[in-house]
Amino acid sequence: MAFTASDICKILLAIFLPPLGVFLERGCGADFCINILLTILGYIPGIIHALYIILKY
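Using my numbering, the first residue of the sequence shown is number 124, and each one after it goes up by one.
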């Protein structure tokens with residue numbers, strides 16, 4: 124899978140603000156809500172989940 128410029132931007136956003144990266148990739152759905160919850164519970168789980176979502180889709 125080749126990375127595009129938008130993927131790189133989403134990854135950088137996911138590092139600083141994980142829910143924003145997920146929102147840009149999947150929209151306002153279950154993945155976004157899960158990521159907000161994970162980010163509130165711990166910043167690192169939110170980042171891991173965001174990177175997983177961005178790299179998977």
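Beta carbons: idealized from backbone N, C-alpha and C, even for Gly.
Reduced DSSP category for Leu140 - H, G, I as helix; E, B as strand; rest coil = In the structure shown, Leu140 adopts coil according to DSSP, grouped into three states.
Secondary structure at Cys151, three-state DSSP: helix, strand or coil?
-> coil
Among residues of its own chain, excluding the 5 on either side of Ile157, which ones have a beta-carbon nearer than 7 Å to its beta-carbon?
-> His172
Which of helix, strand or coil does DSSP assign to Gly87?
-> The chain is shown from 124 up to 180; residue 87 falls before or after that span and cannot be answered.
Sorted by chain position, which residues of the same chain lie with C-beta nearer than 7 Å to Tyr180's C-beta, five sequence neighbours on each side aside?
-> Glu148, Arg149
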